[in-house]
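K.L.:
Number of protein chains: 4
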Amino acid sequence: MHLGLIGLGRMGGNIARRLMRDGHSVAVYDVDAKARQALADDGATAVDSLAGFLEALPAPRAVWVMVPAGDITEKTVQELAGLLEKGDTIIDGGNSNWHDDVRRAKQLSEQGLHYIDVGTSGGVWGLDRGYCMMIGGDKAVVDRLDPIFKTLAPGIGDVEKTPNREKHDPRAELGYLHTGPAGSGHFVKMVHNGIEYGLMQAYAEGFDVMRNRNQASLPEGERFDLNMADIAEVWRRGSVVSSWLLDLCSIALAKDPGLENFSGFVNDSGEGRWTIEAAIEEAVPAEVLTAALYTRFRSRQEHTYAEKMLSAMRLGFGGHVEGKQ
Amino acid sequence: MHLGLIGLGRMGGNIARRLMRDGHSVAVYDVDAKARQALADDGATAVDSLAGFLEALPAPRAVWVMVPAGDITEKTVQELAGLLEKGDTIIDGGNSNWHDDVRRAKQLSEQGLHYIDVGTSGGVWGLDRGYCMMIGGDKAVVDRLDPIFKTLAPGIGDVEKTPNREKHDPRAELGYLHTGPAGSGHFVKMVHNGIEYGLMQAYAEGFDVMRNRNQASLPEGERFDLNMADIAEVWRRGSVVSSWLLDLCSIALAKDPGLENFSGFVNDSGEGRWTIEAAIEEAVPAEVLTAALYTRFRSRQEHTYAEKMLSAMRLGFGGHVEGKQ
Amino acid sequence: MHLGLIGLGRMGGNIARRLMRDGHSVAVYDVDAKARQALADDGATAVDSLAGFLEALPAPRAVWVMVPAGDITEKTVQELAGLLEKGDTIIDGGNSNWHDDVRRAKQLSEQGLHYIDVGTSGGVWGLDRGYCMMIGGDKAVVDRLDPIFKTLAPGIGDVEKTPNREKHDPRAELGYLHTGPAGSGHFVKMVHNGIEYGLMQAYAEGFDVMRNRNQASLPEGERFDLNMADIAEVWRRGSVVSSWLLDLCSIALAKDPGLENFSGFVNDSGEGRWTIEAAIEEAVPAEVLTAALYTRFRSRQEHTYAEKMLSAMRLGFGGHVEGKQ
Amino acid sequence: MHLGLIGLGRMGGNIARRLMRDGHSVAVYDVDAKARQALADDGATAVDSLAGFLEALPAPRAVWVMVPAGDITEKTVQELAGLLEKGDTIIDGGNSNWHDDVRRAKQLSEQGLHYIDVGTSGGVWGLDRGYCMMIGGDKAVVDRLDPIFKTLAPGIGDVEKTPNREKHDPRAELGYLHTGPAGSGHFVKMVHNGIEYGLMQAYAEGFDVMRNRNQASLPEGERFDLNMADIAEVWRRGSVVSSWLLDLCSIALAKDPGLENFSGFVNDSGEGRWTIEAAIEEAVPAEVLTAALYTRFRSRQEHTYAEKMLSAMRLGFGGHVEGKQ
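Here is the structure:
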């Protein structure tokens, strides 16, 4: 199939490559000429403007937008919308807020354009492992683009089959899914990331409890000097907590058990926050996902105003003066 | 009445003074001779050893132990137990773990001694405001010591009367209460402190949310530069969140709205932790009390191992490198 | 002063009465003719349409909107905006989302109208105790309406004075405050309610831990049958956790210590949710305020899908079958 | 090697079978004669009393205790301790509290007996997949029993190798690990289960947020009817949240997407609670692991006393009456 692709960063470039490996024709654009040239060297048709896609792609066109920041995605989608022709499709494969998808799909549909939102998991490993995709939009359009998604997806691989899936969507086993109308792809990807925060925090807290078991202040005989790297590794085999995130923990700990190379400042992207907003809107208690988000907020501050307020009250009622320990 | 008192720190000294003001005879002991002399100057009988109480107090004796640390309390109680005579009473007015009370009461009862545990709230303000007391132990002994507790308690004051209290314990209105058998006094005081942690954290978070409303990163028109001191003060009148802790916030903020004089390192004493252990033992979810405790744990670390583990995973799946912001 | 007032429910009616008691002239409107008549009987000028205010009030007019639901407030404000004249003021005293205030103030200002948002705490007790008010809007307009706010506020009362307030806003001591531009009044009130959720949950959890200390499954000698009503009452005198909310706990427990009259279904109004959204927007960790909100969400469900998912996993890895206990 | 095994439940029986499959000689005991016979039929030497192990096993003996409840484990260990001879070893493979291990190891060592604690993960799947084991105790004894552990462990399997593990313990890759002195095996297993609770809750909350996206109260166009079974399945391929627990979710959801067969009452075993106690002892904030535990507590109650207290306060300040929704 033919696909246009905008944004040749780590994700975008590899998506193009994985498609070409499987015989698709890809036209690419990026503001960075070098990035365009690199893909051209790998076999892509490089265009030097959004308008260039009109000529480089046969109608009905499909253009995949894979740019990092939300505001540039918006700008790109709107610009494309002004250039494309009736029946063409814009695919947003980035990490957009699903509300933006709902709005854009409605707007583009009034122009006769299609809009597909693809939540994409797989990060830097996707070129080889494939991309797990959650796809929102009109069924007919998603079906038409199926060859693209099939190529990008990991496929069934050597993952053990889930029983009783005969009546369910066969695409799920291949690693991609039509989740519903526009917005639903990014909604599912958003929750995926919310879960990811919770899983990460669960491991992190557990290792913290184990690591701190060697504190001098603990009673003798109740102190252990546990080996984080070996524990992460042993859990990868046959334990209930085995996972790909644990694999990553084991890789990191084998190299640097004290994690001395990490500052401890942890960023959050929008999905973790939006997941909590969705939970609140639905009145669904989401304690763990929220706690995982707040830990990251706290990690980026030296001290909070809240903590100082606690000290102020303690001074007030108990005469406690708190110093740095 | 006659009372012996061990430990003339901030709390102990003022307890002795409040008792003497109301006509009680108090014999005092402290390892610090100066502290003993200061109370002697105020009218107390100072003894220079625990054994001295035997002569200074008429039988049956009552000796109030008011020493700060748990291990010194244990040592003092055990030493007293070896000196006192059948029918005498040891009162632990400190912040002991209630399990210790249960154990001690049982042990002392086998020697014919009585044991009373008094959870005392009021801190540095108690001399004038009185002490709110939660008292565990045998009813007969608590009743015999009633004049002591009545003097120490705040009394009914100008606090508005609660309706429908005719059938309830009249002591509660005066600010002291026999809560049940040994251990129950400190148990109730423990939960009191657990609640205190939760209340403090609720105010602290709220002020933090208001304080941070002036962040430059927020959209224009949605930024406010709110006055913390005035807000704390206005809430003291007629609002649902008025409380003594809020009074303390207002006092602190009037002097130092930025709380620049506080480091943000916040200590915790045992009661907050023991409250959570009790909750877990009872399978009672105590989200807020626990979160309040954990905030203090976090405040005393620069970065946790957990946070570094998060960064390690983020590097692993997304190539994210996190630096100090 | 002259004031128009729309919405004669519990809050609105009492606001009108408190103003009239202090000599203000109040014109009132409500869709319910009986409610209008009741206020007319108490001395108000009752008008039978929004347009009626134009005649009943001298220019520049001030009309206070005090209707319960957000969508009716919006409708009323927009309708008033179409009727009022340049220089007139609309006051929203309900529990609007502060984003709506920001939007409305901007819109009305383009028409030459003023908009003031007043966060009002005091509930059913306000007629006698006065209303604690947080007021957002243009300084000149807030200053002009000062006599209204001064009458409604509780005044200095017998609340102990906070030291060092000489350089701060003297209105705060009287129980009302100009918090900043439009929206800031409801923003501060929103956080007030967020804190209120946290405080309530802290008490609730503490009483739950105490109440459950009589479980038969606990070891003998570590079980207590504690008296909730007496404990709430004793804490009202001299303890660190004394507060108005604790007064309410004591009132409720004196009447019904088992709280048998309450179902345990707990509603939440918007402010608790919006506080968390503001915290997330600011990247301020708000663990306690969030946990307090989630508890209410959970209280309104028999079982969550999440809990069933946990059971499904437990069956999967351990063969555990979970029944009702 | 020769091994004695006590307790022929699901876990114990399969451990014996896996050992015999690999050529070890196993003597077994259980109070249930049928269970003994079943293992005898599979090739084990069945003994009909603990004392029977003395004859059935060559010295130095090793007896593995695999009984479900903590108090029976204690009784069995103490009884064995009275029967075994100097140099023999007791292995506790159950889910004991690690404090019990520390105590027992000390006690047995005074009798010249060895004590090994084995935290075992793998549940009902262990016979085929092998058991992931965390082993505490003296190095010499653990080394001597290595053939047993090696057989029980999953082995390297087809799990991808972690780079940079050359300098680390090679047993970890095989799925078993000597974690340190007595108690450390169960300590690590305890944290493993604590993490497991957190992971499970993260998935559960995420699916809850997705499931509830079809609520009628949500704005049209922002409602999705998402397919839980397909989403769980698609995430198994290439997504960041893939894990064995997710595999189990997918299996359960393929059969019963509404999870109608689950009541939602969720039990907790001791390890989740002990993990929190360890975290508190170490002053390590463990928000997510704690929230996951509390969710289970809450799931087992119809309504908490805490929730009723919230309603009581809401009635007090706002006149709110809360009914079942």
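Protein chains in written order, with my numbering: chain A, 1 to 325; chain B, 326 to 650; chain C, 651 to 975; chain D, 976 to 1300.
Think of the CB as a built atom: it goes at the ideal place given N, C-alpha and C, for glycine as much as any other residue.
#1: From the DSSP output, read off the bridge partner residues of B/Ile397.
#2: Can you tell me whether C/Gly922 is helix, strand or coil according to DSSP?
#3: Whose CA, out of D/Ala1034, D/Phe1199, D/Ala1015, lies closest to the CA of D/Asn1187?
#4: Would you kindly work out how many angstroms separate the C-alpha atoms of B/Ser575 and B/Arg335, rounded to a whole number?
#5: Going by beta carbon distance, what residues of the same chain come within less than 8 Å of C/Arg668, once the five residues before and after it are set aside?
#6: Checking 9 Å against the spacing of the C-beta atoms, do C/Met959 and D/Ala1227 come in under that value?
#7: Tell me the residue span of the beta strand (DSSP E) that contains D/Val1001.
#8: Assuming C/Gly856 contacts B/Gly519 under a Cβ cut-off of 8 Å, what Cβ separation, rounded to an integer in Å, is found between them?
#9: Under 8 Å Cβ-Cβ, which residues of chain D neighbour A/Pro68?
#10: Buried or exposed for C/Ser746, please, with buried defined as at least 16 other CB atoms from any protein chain shown within 10 angstroms of its CB.
#11: Please state whether the Cβ-Cβ distance between B/Ala384 and B/Thr370 is less than 9 Å.
#12: Buried or exposed: B/Arg386, going by 16 or more other Cβ atoms within 10 Å of its Cβ?
#13: Is there at least one Cβ from chain A nearer than 9 Å to B/Asp581's Cβ?
#14: Among B/Val443, B/Ser594, B/Glu585, B/Val559, which has the Cα closest to the Cα of B/Met458?
#15: Quick one: which chain B residues come within Cβ less than 8 Å of C/Met784?
#16: Does the beta-carbon of D/Arg996 have 16 or more other beta-carbons within 10 angstroms, so that it is buried, or is it exposed?
#17: Please list the terminal residues of the continuous beta strand (DSSP E) segment that includes D/Ser1096.
#18: Would you list the one or two residues that DSSP bridges to A/Met192?
#19: With a threshold of 9 Å between beta-carbons, can A/Val321 be considered close to chain C, or not?
#20: Could you check which residue in C/Gly825, C/Gly966, C/Met716 has the C-alpha nearest to that of C/Gly805?
#21: Are the Cβ atoms of B/Ala527 and B/Thr620 separated by less than 9 Å?
#22: Check distances from the C-beta atoms of the region 350-361 of chain B to those of chain C and list, in chain order, the residues that come in under 7 Å.
#23: Does B/Gln650 pass the burial test, meaning 16 or more other C-beta atoms within 10 Å, or should it be called exposed?
#24: Using the beta-carbon of each residue, which ones in chain B are nearer than 7 Å to C/Thr954?
#25: B/Asp533 versus chain A: which residues are under 8 Å apart at the beta carbon?
#26: In chain order, which continuous runs of the beta strand (DSSP E) of length 3 or greater are located wholly inside the region 382-428 of chain B?
#27: List the residues that DSSP assigns as beta-bridge partners of A/Tyr176.
#28: Which residues share a DSSP beta bridge with B/Ile331?
#29: To which residues of the same chain is A/Val266 closer than 6 Å at the C-beta, ignoring the five residues directly before and after it?
#30: Which same chain residues, not among the five before or five after B/Ala365, have their C-beta less than 7 Å away from its C-beta?
#31: In the DSSP assignment, find the alpha helix (DSSP H) that holds B/Gly643 and state where it starts and stops.
#32: Can you tell me whether B/Lys514 is buried or exposed, with buried defined as 16 or more other CB within 10 angstroms of its CB?
#33: Residues of chain B with a CB under 8 Å from the CB of C/Arg668: which are they?
#34: At a Cβ cut of 7 Å, what residues of the region 739-751 of chain C count as close to chain B, listed as they run along the chain?
#35: CA-CA distance, A/Glu260 and B/Ala637?
#36: Which whole-angstrom value describes the C-beta separation of D/Glu1049 and D/Asp1023, a residue pair presumed to lie in contact below a C-beta threshold of 8 Å?
P.N.:
Put simply:
#1: Position 72 of the second sequence, counted from the first residue, corresponds to residue 397 of chain B. Answer by DSSP bridge pairing: none, since B/Ile397 is not bridged.
#2: Working through the third sequence from its first residue, we reach residue 922 of chain C at position 272. C/Gly922 falls in the helix class under three-state DSSP.
#3: Within the fourth sequence, numbered from 1, the residue matching residue 1187 of chain D stands at position 212. Measuring from the Cα of D/Asn1187, the nearest candidate turns out to be D/Phe1199.
#4: Walking along the second sequence from the start, residue 575 of chain B turns up at place 250. Walking along the second sequence from the start, residue 335 of chain B turns up at place 10. So the two alpha carbons sit approximately 24 Å from each other.
#5: Your numbering for residue 668 of chain C matches position 18 in the third sequence. Taken in chain order, the residues that qualify are Gly776, Leu777, Gly780, Tyr781, Thr801, Leu802.
#6: Locating residue 959 of chain C in the third sequence gives position 309, counting from the first residue. Locating residue 1227 of chain D in the fourth sequence gives position 252, counting from the first residue. Against a cut-off of 9 Å, the Cβ pair of D/Ala1227 and C/Met959 comes out as a contact.
#7: Counting from one through the fourth sequence, the residue named residue 1001 of chain D turns up at place 26. Where D/Val1001 is concerned, the enclosing beta strand (DSSP E) stretches over 1000-1004.
#8: Taking the first residue of the third sequence as position 1, residue 856 of chain C is located at position 206. Taking the first residue of the second sequence as position 1, residue 519 of chain B is located at position 194. Between B/Gly519 and C/Gly856 the Cβ distance is about 6 Å, and since that is below 8 Å, they are a contact.
#9: On the first sequence, residue 68 of chain A is found 68 positions in, with the first residue counted as 1. What A/Pro68 touches in chain D: nothing, since even the nearest Cβ is about 17 Å away.
#10: Within the third sequence, residue 746 of chain C is the residue found at index 96, counting from 1. The residue in question, C/Ser746, is buried, as its Cβ has 16 or more Cβ neighbours within 10 Å.
#11: The residue you call residue 384 of chain B lines up with position 59 of the second sequence. The residue you call residue 370 of chain B lines up with position 45 of the second sequence. Not a contact, by the Cβ cut-off of 9 Å.
#12: Your numbering for residue 386 of chain B matches position 61 in the second sequence. So B/Arg386 counts as buried.
#13: Residue numbering aside, residue 581 of chain B sits at position 256 when the second sequence is read from its first letter. Chain A contact via Cβ: present.
#14: Looking up residue 458 of chain B in the second sequence gives position 133. Minimum Cα distance to B/Met458 is reached at B/Val443.
#15: Stepping through the third sequence from its first residue, residue 784 of chain C is reached at position 134. Those within 8 Å of C/Met784 in chain B are Ile556, Val559.
#16: Here residue 996 of chain D is taken as the residue at index 21 of the fourth sequence, counted from 1. The residue in question, D/Arg996, is exposed, as its Cβ has fewer than 16 Cβ neighbours within 10 Å.
#17: Taking the fourth sequence and counting its residues from 1, one reaches residue 1096 of chain D at position 121. Where D/Ser1096 is concerned, the enclosing beta strand (DSSP E) stretches over 1089-1096.
#18: One-based indexing of the first sequence puts residue 192 of chain A at position 192. The sequence shown places His at residue 192 of chain A, rather than the Met named in the question. In the DSSP output, where bridge partners are listed per residue, A/His192 has none listed.
#19: Your numbering for residue 321 of chain A matches position 321 in the first sequence. So, not an interface residue.
#20: Within the third sequence, numbered from 1, the residue matching residue 805 of chain C stands at position 155. Of C/Gly825, C/Gly966, C/Met716, the residue nearest in Cα terms is C/Gly825.
#21: Counting from one through the second sequence, the residue named residue 527 of chain B turns up at place 202. Counting from one through the second sequence, the residue named residue 620 of chain B turns up at place 295. No.
#22: none
#23: Walking along the second sequence from the start, residue 650 of chain B turns up at place 325. With a pLDDT of 43 at B/Gln650, under the threshold of 50, the modelled position of that residue is not reliable, and the figure given next carries that caveat. The residue in question, B/Gln650, is exposed, as its Cβ has fewer than 16 Cβ neighbours within 10 Å.
#24: Here residue 954 of chain C refers to the residue found at position 304 when the third sequence is read from its first residue. The contacting residues do not exist; C/Thr954 stays about 13 Å from chain B at best.
#25: In the second sequence, the residue the question calls residue 533 of chain B occupies position 208. Under the 8 Å cutoff, chain A gives Thr304, Tyr305, Ala306, Met309.
#26: 387-390, 414-417
#27: Translated into positions along the first sequence, residue 176 of chain A becomes position 176. Paired residues: A/Met133.
#28: Taking the first residue of the second sequence as position 1, residue 331 of chain B is located at position 6. Answer by DSSP bridge pairing, in chain order: B/Tyr354, B/Val390.
#29: Locating residue 266 of chain A in the first sequence gives position 266, where the first residue counts as 1. Hits under 6 Å: Arg296, Ser299.
#30: Residue 365 of chain B sits at position 40 when you count from the first residue of the second sequence. Ala371.
#31: Here residue 643 of chain B is taken as the residue at index 318 of the second sequence, counted from 1. Note, B/Gly643: alpha helix (DSSP H), 630-643.
#32: Locating residue 514 of chain B in the second sequence gives position 189, where the first residue counts as 1. By the neighbour-count rule (16 or more Cβ atoms within 10 Å), B/Lys514 is buried.
#33: As a working mapping, residue 668 of chain C is identified with position 18 in the third sequence. Going along chain B, no residue has its Cβ under 8 Å from C/Arg668, so there is no contact; the nearest lies around 12 Å.
#34: none
#35: Mapped onto the first sequence, residue 260 of chain A falls at position 260. Mapped onto the second sequence, residue 637 of chain B falls at position 312. Each residue's Cα considered, the two are about 10 Å apart.
#36: The residue you call residue 1049 of chain D lines up with position 74 of the fourth sequence. The residue you call residue 1023 of chain D lines up with position 48 of the fourth sequence. So it is not a contact: roughly 22 Å between Cβ atoms.
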